[in-house]
Amino acid sequence: MKLYRGMAVSEGYAIGPVRYLSSQKENVPLKKTENRPKEWARFLQARMKACSHMMELYQQALSRVGEHYAGIFKIQLALLQDEDLLTRIRRCILEAGYTAESAIEKTADEYRHVFEEMDDEYLRAREADVQDVKQQVLMQLASSSTLESRRETSPVWEEPCILAADDILPSETLHIDASRVRGMILRQGSQISHAAILARSLGIPAVAGVADLPHDEDLFVIVDGFSGDILVDPPKEKVAIYADLQRQYEAERQALKQYSDVKTVTLDGTRIELMANIGHPNDLTGVLDYGADGIGLFRSEYLFMYCDQMPSEEQQTAAYGTVLQEMQGKRVIIRLLDIGADKQVPYVKMDREENPVMGRRGIRFCLEHRDILMTQLRALLRAARLGKLGILIPMVVSAEEIHTVRRLLTEAAQALQNEGIPYSGEYELGIMIETPASVMLSPELAKEVDFFSIGTNDLTQFVMAADRGNPKVGALCQAGNEAVRRMVKITVESAQKAGIWVDVCGEAAADPELTEFLLSIGVHSLSVAPPSLLVIRQTIRQIDLTRLQEIRE
Numbered sequence: 003m004k005l006y007r008g009m010a011v012s013e014g015y016a017i018g019p020v021r022y023l024s025s026q027k028e029n030v031p032l033k034k035t036e037n038r039p040k041e042w043a044r045f046l047q048a049r050m051k052a053c054s055h056m057m058e059l060y061q062q063a064l065s066r067v068g069e070h071y072a073g074i075f076k077i078q079l080a081l082l083q084d085e086d087l088l089t090r091i092r093r094c095i096l097e098a099g100y101t102a103e104s105a106i107e108k109t110a111d112e113y114r115h116v117f118e119e120m121d122d123e124y125l126r127a128r129e130a131d132v133q134d135v136k137q138q139v140l141m142q143l144a145s146s147s148t149l150e151s152r153r154e155t156s157p158v159w160e161e162p163c164i165l166a167a168d169d170i171l172p173s174e175t176l177h178i179d180a181s182r183v184r185g186m187i188l189r190q191g192s193q194i195s196h197a198a199i200l201a202r203s204l205g206i207p208a209v210a211g212v213a214d215l216p217h218d219e220d221l222f223v224i225v226d227g228f229s230g231d232i233l234v235d236p237p238k239e240k241v242a243i244y245a246d247l248q249r250q251y252e253a254e255r256q257a258l259k260q261y262s263d264v265k266t267v268t269l270d271g272t273r274i275e276l277m278a279n280i281g282h283p284n285d286l287t288g289v290l291d292y293g294a295d296g297i298g299l300f301r302s303e304y305l306f307m308y309c310d311q312m313p314s315e316e317q318q319t320a321a322y323g324t325v326l327q328e329m330q331g332k333r334v335i336i337r338l339l340d341i342g343a344d345k346q347v348p349y350v351k352m353d354r355e356e357n358p359v360m361g362r363r364g365i366r367f368c369l370e371h372r373d374i375l376m377t378q379l380r381a382l383l384r385a386a387r388l389g390k391l392g393i394l395i396p397m398v399v400s401a402e403e404i405h406t407v408r409r410l411l412t413e414a415a416q417a418l419q420n421e422g423i424p425y426s427g428e429y430e431l432g433i434m435i436e437t438p439a440s441v442m443l444s445p446e447l448a449k450e451v452d453f454f455s456i457g458t459n460d461l462t463q464f465v466m467a468a469d470r471g472n473p474k475v476g477a478l479c480q481a482g483n484e485a486v487r488r489m490v491k492i493t494v495e496s497a498q499k500a501g502i503w504v505d506v507c508g509e510a511a512a513d514p515e516l517t518e519f520l521l522s523i524g525v526h527s528l529s530v531a532p533p534s535l536l537v538i539r540q541t542i543r544q545i546d547l548t549r550l551q552e553i554r555e
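Just so you know, we're using the working numbering here: the sequence shown kicks off at 3 and counts up by one.
Structure follows, in C-alpha cells:
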C-alpha cells in the first residue's frame, strides 16, 4: 500500500478502481487574419450559440443539483455577456487583426494572469469560469463535425470507479455520470474550485492537490474525503474498515437533512444567529434553502474583478439590492471592497508589493481611491432602502479609519439628498477584526461601531506569523490555536462591554470542534459557507449552553 496526501474538498469515503479523464482544455496558437469583419461575425455567432448552450447547462444543473450550484453557469453566462469582455475581444479582432479563436485565447489568458495574482482563494478559483467560457466558445467555433465528435466522447465507464484528472471544468463535471463515479481525485483544484463545489453538491467524495498520483489505470484506491488521504492498493483489512466508515457516514448524512427547517437554538433554548457567507447573488437560493438567518459576509469583490472599468453606481445598487430583497428583511452584511496589490483590478494601476497581504489592501486601498469608495458607499445607501443592511469595513487598525468612513457616508448621503435620489440612512456600521492591532484596540473601537465581525482566517495568519497560503507553515494556521482563541475572547469581551453584537466568520465558525468554545465565550452569531449551515446547526442544537458556562465558571 502507498499513501498520497492531498486536500479534502468533498466529504465522504470512496473505494474502487481509478479511471482517468482527459481534459477538454486546449491552448490555441495565436494567428492573424486578413478578413477581420468575417472573424468578428464568426465570433458573434459562436458567442450566441455558446450563450444558448450555457443556458442548457444551467437547466441541466438545476435539475441535478439545485439553484445554489446551478448558479455557477449563470456566473459564466454573465461573463460571456459582459460588455468589457466583448470590448477586449472586439479590439483583438478588429484592431489587432487576430482570428476569433486567437482573440478568445489571448483575452482568456489576460484574465487568467489577473486571477492567478490574487491572494483571495475564492476569487483565484474563479479563473476556472474564464477557462470554461473560453472552451464553450472554441467548441462553437469548431466545425460541426468536430463539435459533434466532442459531445459524443463524454466519459462512459462500465463499472463504478474513482475519477482522476488534472482538474475538471464545471461543464465537464456536469456531464459526469455520478452513478458511475464513487470518488474524485484532482491533481490541481482547491476547496472552493467549481469541481469541488459540484462534487459536494453531487455527494461525491473528492481530494484535490494530489500532484504526484501516478497515471496508472490499474490502480485500486481508497479516497478519504475527510483527511485528504489517498490509499493506493490497500490491503483487504483497510478496505473493510473504510467500507464500514462509508456506511456510517451515509447514515449520518441522511440524518442531517432534518436540520434544514428547524431553528438554531441550544438545548437550553438560547437562540443563535446562524448566517451565511456568499460571494455572488447566485449563492442566495442555497442560503435560503438551508434556512440561514441572514448574510454575515457578502464579498463585494466579484462586481469589480470581471470588468476592465469600475462598475457603475447603478450596477452596484442593483446587485446589493437584489441580495437585500431576497433575504426578506434578514440581516445582510456587505463588506466594502477588499482588494489591493495582491488582487488587482485592471482599471487601477498599482505597484507590486513584497508582502501584499500586509500592504495596501482593504480600507487602505479604499481610502487611497476615494472615487471608488464613494461610488460604493452611494450604492449601498441607495440599496439600504430594500432591507436590513450592515456595512463592513475590512482591515481596520485604527479609530481614524472608522471616523473617515463615517464622514464619507455622511457626505454620500448629503449628495444623494441634494440630487433627489432615494436612499436610506438606516444601516449598521461594523469592522472586521482580523489584525492583532484591532484586537488590542477593540475596547476603544467597539465604541465607534455597531458590530464586530471576527475574520478568523486573516487573524490566524497574522497572530501566528504564518502565511496560510504557504503549505510549509500551513499547520500553524489553525484557528483553534490557543493564541488565536485568546484574541477572539478579548474581542468578544470588548464587544459585550460596549453593548454591541459580534459575529465570527471564517473557518473557525464552520468548525464544529470550535462551536462549543465560541458559544461559551459569548458568541451568539456565526457566519459560515452555505454547505456548513446544517452541520453547525446540528452541533449548536446539541449544546447545553447554560451547563457549559457553569462548568467554565
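No residue lacks a Cβ here, since even glycine has one placed at the ideal position from N, Cα and C.
Comparing C-alpha positions only, which one of Arg-44, Arg-128, Gln-190 and Gln-480 sits nearest to Ala-110? The count along the sequence shown starts at 1 and reaches residue 110 at position 108. Out of Arg-44, Arg-128, Gln-190 and Gln-480, Arg-128 has the C-alpha closest to the C-alpha of Ala-110.
Whole angstroms is fine: what's the gap from Leu-547's alpha carbon to Arg-539's? What you label residue 547 is simply residue 545 of the sequence shown in a count that begins at 1. What you label residue 539 is simply residue 537 of the sequence shown in a count that begins at 1. For Leu-547 and Arg-539, the distance between alpha carbons rounds to 14 Å.
For Leu-210, the residue or residues it bridges with in DSSP: Position 208 of the sequence shown holds residue 210. The identity of residue 210 in the sequence shown is Ala, whereas the question assumes Leu. Per DSSP, Met-9.
At least 3 beta-carbon pairs within less than 8 Å: the stretch 255–265 vs the stretch 505–524: no
Put Ser-151 into one of helix, strand or coil per three-state DSSP. Mapped onto the sequence shown, residue 151 falls at position 149. With a pLDDT of only 38 at Ser-151, under the threshold of 50, the placement of this residue in the model should not be trusted, and no figure is reported.
Using the Cα positions of Ile-164 and Ser-444, report the straight-line distance between them to the nearest angstrom. One-based indexing of the sequence shown puts residue 164 at position 162. One-based indexing of the sequence shown puts residue 444 at position 442. Distance between the alpha carbons of Ile-164 and Ser-444 is about 49 Å.
What residue does the beta strand (DSSP E) around Lys-499 start on, and which one ends it? In the sequence shown, the residue the question calls residue 499 occupies position 497. From DSSP, Lys-499 is part of no beta strand (DSSP E) but of the alpha helix (DSSP H) over 484–500.
Using the three-state DSSP reduction, which class does Arg-128 fall into: helix, strand or coil? Residue mapping note: residue 128 aligns to position 126 of the sequence shown, counting from 1. If DSSP states are grouped into helix, strand and coil, Arg-128 belongs with coil.
Work out the CA separation of Val-212 and Met-9 for me, nearest whole Å. The residue labelled residue 9 in the question sits at position 7 within the sequence shown. The residue labelled residue 212 in the question sits at position 210 within the sequence shown. Met-9 and Val-212 have their C-alpha atoms some 8 Å from each other.
State the Cα-Cα distance for the pair Asp-231 and Thr-268, rounded to the nearest angstrom. Here the question's residue 231 lines up with position 229 in the sequence shown. Here the question's residue 268 lines up with position 266 in the sequence shown. Using only the alpha carbons, I get a separation of about 34 Å.
Given this structure, state the Cα-to-Cα distance separating Leu-286 from Pro-424, to the nearest angstrom. Indexing the sequence shown from 1 puts residue 286 at position 284. Indexing the sequence shown from 1 puts residue 424 at position 422. Each residue's alpha carbon lies about 25 Å from the other.
Taking one C-beta from the stretch 515–531 and one from the stretch 241–256 each time, how about it: are there three or more such pairs within less than 8 Å? no
Rounded to whole angstroms, what's the CA-CA distance from Ile-2 to Lys-265? Just pull it up for me. Outside the modelled stretch of the chain, which goes from 3 to 555, sits residue 2, for which no answer is possible.
Do Ser-173 and Val-11 come within 9 Å of each other at the CB atom, strictly closer than that value? The residue given as residue 11 occupies position 9 in the sequence shown. The residue given as residue 173 occupies position 171 in the sequence shown. With contacts defined as CB atoms closer than 9 Å, Val-11 and Ser-173 fail to qualify as a contacting pair.
Can Val-465 and Ile-435 be called in contact, C-beta distance under 9 Å? What you label residue 465 is simply residue 463 of the sequence shown in a count that begins at 1. What you label residue 435 is simply residue 433 of the sequence shown in a count that begins at 1. Here Val-465 is not near Ile-435, since their CB atoms are 9 Å or more apart.
Measuring straight from C-alpha to C-alpha, what distance separates Val-116 and Tyr-349? Here residue 116 corresponds to residue number 114 of the sequence shown, with the count starting at 1. Here residue 349 corresponds to residue number 347 of the sequence shown, with the count starting at 1. If you take the alpha carbons of Val-116 and Tyr-349, they lie about 12 Å apart.
Thinking C-alpha only, which one of Pro-162, Leu-215, Ser-314 and Tyr-244 is nearest Ala-381? Within the sequence shown, numbered from 1, the residue matching residue 381 stands at position 379. The candidate whose alpha carbon is nearest that of Ala-381 is Ser-314.
Is the stretch 93–104 touching the stretch 37–47, taking contact as three or more C-beta pairs under 8 Å? In the pairwise beta carbon analysis, the stretch 93–104 is classified as touching the stretch 37–47: at least three pairs are separated by under 8 Å.
State the DSSP-derived secondary structure class of Lys-33, mapped to helix, strand or coil. Counting from 1 along the sequence shown, the entry for residue 33 is found at position 31. Of the three classes helix, strand and coil, the one that applies to Lys-33 here is coil, per DSSP.
Considering only their Cβ atoms, is the gap separating Ile-395 from Gly-432 smaller than 9 Å? To locate residue 432, count along the sequence shown from 1; it is residue 430. To locate residue 395, count along the sequence shown from 1; it is residue 393. Yes.
Within the stretch 256–290, note down every full beta strand (DSSP E) run reaching 3 residues or more, in order along the chain. 275–280
Val-537, enclosing alpha helix (DSSP H) - first and last residue: Taking the first residue of the sequence shown as 1, we reach residue 537 at position 535. Its alpha helix (DSSP H) spans residues 535–543.
Leaving aside the five residues before and after Ala-198 along the sequence, list all residues of the same chain whose C-beta is less than 7 Å from its C-beta, in chain order. Within the sequence shown, the letter at position 196 stands for residue 198. So the list reads Val-11, Ser-12, Gly-191, Ser-192, Ala-208 and Ala-210, once near-sequence residues are dropped.
Taking only the alpha-carbon atoms, compute the straight-line gap between Arg-549 and Ile-178 and give it to the nearest angstrom. Numbered from 1 along the sequence shown, position 547 holds the residue referred to as residue 549. Numbered from 1 along the sequence shown, position 176 holds the residue referred to as residue 178. Whole-angstrom Cα-Cα distance: 49 Å.
Rounded to whole angstroms, what's the CA-CA distance from His-405 to Leu-411? Just pull it up for me. The residue given as residue 405 occupies position 403 in the sequence shown. The residue given as residue 411 occupies position 409 in the sequence shown. For His-405 and Leu-411, the distance between alpha carbons rounds to 10 Å.
The beta strand (DSSP E) that contains Phe-228, what's its start and end? In the sequence shown, counting from the first residue as 1, residue 228 sits at position 226. Here Phe-228 belongs to no beta strand (DSSP E), and DSSP marks it neither H nor E.
Should the stretch 72–89 be regarded as contacting the stretch 178–189, the criterion being three or more beta carbon pairs within less than 8 Å? no
Residues sharing a beta bridge with Ser-527, DSSP: Walking along the sequence shown from the start, residue 527 turns up at place 525. Paired residue(s): Glu-275.
Whose C-beta lies closer than 7 Å to the C-beta of Ala-401 among residues of the same chain, with five residues either side of it excluded? Residue numbering aside, residue 401 sits at position 399 when the sequence shown is read from its first letter. Once the five neighbours on either side are set aside, the close Cβ partners of Ala-401 are Glu-446, Leu-447 and Glu-450.
Assigned secondary structure, Ala-166 (DSSP; H/G/I helix, E/B strand, else coil): Translated into positions along the sequence shown, residue 166 becomes position 164. Of the three classes helix, strand and coil, the one that applies to Ala-166 here is strand, per DSSP.
Tell me which same chain residues have a C-beta within less than 7 Å of the C-beta of Ala-321, skipping the five on either side of it? Counting from one through the sequence shown, the residue named residue 321 turns up at place 319. The answer, listed in chain order, is Pro-283 and Leu-305.
Taking only the alpha-carbon atoms, compute the straight-line gap between Ala-278 and Lys-33 and give it to the nearest angstrom. Within the sequence shown, numbered from 1, the residue matching residue 278 stands at position 276. Within the sequence shown, numbered from 1, the residue matching residue 33 stands at position 31. For Ala-278 and Lys-33, the distance between alpha carbons rounds to 46 Å.
Those residues which DSSP pairs with Pro-424 across a bridge: To locate residue 424, count along the sequence shown from 1; it is residue 422. Per DSSP, none; premise fails for Pro-424.
Straight-line gap, Gln-330 to Gly-389 (C-alpha atoms, nearest Å): Taking the sequence shown and counting its residues from 1, the one referred to as residue 330 is at position 328. Taking the sequence shown and counting its residues from 1, the one referred to as residue 389 is at position 387. Approximately 7 Å between the Cα atoms of the pair.
Could you spell out the range, first to last residue, of the beta strand (DSSP E) harbouring Ala-180? Residue numbering aside, residue 180 sits at position 178 when the sequence shown is read from its first letter. Unbroken run through Ala-180: none, as it is neither H nor E.
Let me know the beta strand (DSSP E) ranges lying completely inside the stretch 393–455, each 3 residues or longer, listed in chain order. 430–435
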